[in-house]
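Peer 1: Here the sequence shown is numbered in the UniProt record's numbering, starting from 1 and rising by one per residue.
Below is one structure. I have some questions about it.
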Amino acid sequence: MTRREKNRVDDQPAFLSNGGCSMLRMVMLRLCWGILVLLFLAGGVMAASEDPKKPFPSTQSSGINVDLLITVVPEPCDVGISGSDINGSELNFGSLPAAEFSQAGHISSPRRFNLELTHCGDPDVAPNGPAITVSGNTIDAEQGSIFRDPVSGSDDNASEGLGFIVHLGDEGKIGWGNLVVNNRENPLNLLFEDGRAQLQVTAAVARGKDIKVIRPGSLIARVAFTYSYP
């Protein structure tokens with residue numbers, strides 16, 4: 001550097017006036033931009049280290065399987081009544097002497113009628129065969145085989161210790177060993193022709209086997225016969 005140039009640099013006012021100020025301004029601007037870039041990068045690194053992004057949770061699900069079931073059964077039968085012993089829906093035994101029931105477990109002479117089953121679907125296509133259920137009020141709670149309507153305490157004309165017993169089918173005679181039980185399904189083994197069949201019903205008046213004393217009087221039992229596919 002010549003002495004004149006050295007003197008020009010040492011002389012600060014002259015140096016700035018000769019373009020030195022512009023050069024210094026450029027150096028300062030570049031320095032400031034460099035500092036800003038460093039600060040931005042450093043801030044990004046700190047943010048990434050302080051609050052890392054959490055991965056998305058794995059998808060979770062739950063469910064249940066439902067089994068839908070149905071049993072399609074044939075059309076139920078229309079149930080009617082026929083027989084010479086029955087009048088409409090009333091089977092009347094008339095009058096019976098009390099002496100006939102002097103012994104516990106005695107059974108009167110039976111009466112019969114038929115259940116006429118009509119407009120039946122084909123029972124052979126059902127998973128289970130048809131059944132008849134006999135239901136009513138009974139006086140023998142354990143066996144449920146002696147039917148009679150409840151008697152109020154003020155009814156002095158009602159009998160005691162007697163009821164009706166019922167047997168389904170035309171085989172054999174009615175007895176204590178082949179009676180229907182209240183509300184129990186009785187499978188039917190009948191021959192259906194053109195959607196029709198006939199079931200014989202036998203009924204009798206009986207004194208309970210454990211009944212000690214009877215009282216003469218009126219006796220009524222309202223019994224329902226229901227045809228169904230169990």
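Beta carbons: idealized from backbone N, C-alpha and C, even for Gly.
Keep in mind that this is a model prediction, so the values were computed, not measured.
1) Look up residue 115 in the DSSP assignment and say whether it is helix, strand or coil.
2) Ignore the nearest five residues each way along the sequence and tell me which others in residue 135's own chain have a CB closer than 8 Å to its CB.
3) For the pair the stretch 167 to 180 and the stretch 72 to 85, tell me if three or more CB-CB distances fall below 8 Å.
4) When the Cβ atoms of the stretch 202 to 215 are set against those of the stretch 154 to 170, are three or more pairs found closer than 8 Å?
5) When DSSP builds the beta bridges, which residues end up paired with residue 160?
6) Using DSSP with H/G/I as helix, E/B as strand and the rest coil, what is residue 98?
7) Whose C-alpha, out of 76, 85, 139, 96, is nearest the C-alpha of residue 130?
8) Give every residue of the same chain whose Cβ lies closer than 6 Å to the Cβ of residue 98, excluding the five residues on either side of it in the sequence, and list them in chain order.
9) Helix, strand or coil: how does DSSP classify residue 123 here?
10) To the nearest angstrom, how far is it from the Cα of residue 203 to the Cα of residue 140?
11) Exposed or buried, residue 220, counting other C-beta atoms within 10 Å across all chains shown (16 or more means buried)?
12) By Cβ distance below 6 Å, which residues in the same chain neighbour residue 147 in space, the five residues on each side in sequence not counted?
13) Cutting at 6 Å between CB atoms, please list the residues of its own chain near residue 133, excluding the five before and the five after it.
14) Based on Cα-Cα distance, which residue from 115, 218, 119 lies nearest to residue 151?
15) Is it buried or exposed, residue 119, if we count other Cβ atoms within 10 angstroms and call 16 or more buried?
16) Take residue 125 and list the residues in its own chain whose beta-carbon comes closer than 8 Å to its own, dropping the five residues that flank it on each side.
17) Put residue 196 into one of helix, strand or coil per three-state DSSP.
18) Quick check on residue 79: does DSSP put it in helix, strand or coil?
19) Whose CA, out of 191, 144, 111, lies closest to the CA of residue 123?
20) Along the chain, where does the beta strand (DSSP E) that runs through residue 230 open and close?
21) Between 59, 60, 78, 62, which lies nearest to residue 228 when the distance is taken from Cα to Cα?
22) At which residues does the beta strand (DSSP E) containing residue 135 begin and terminate?
Peer 2: A quick look at the data gives this:
1) strand
2) 182, 183, 223, 224, 226
3) Contact fails between the stretch 167 to 180 and the stretch 72 to 85, because fewer than three Cβ pairs, one in each stretch, are under 8 Å apart.
4) Touching, yes, given that three or more Cβ pairs across the two stretches are closer than 8 Å.
5) 215
6) helix
7) 76
8) 216
9) helix
10) Those two C-alpha atoms are separated by around 17 Å.
11) exposed
12) 136, 138, 163, 164, 221, 223
13) 185, 226
14) 218
15) exposed
16) 74
17) strand
18) If DSSP states are grouped into helix, strand and coil, residue 79 belongs with the strands.
19) 191
20) Here residue 230 belongs to no beta strand (DSSP E), and DSSP marks it neither H nor E.
21) 78
22) 131 to 135
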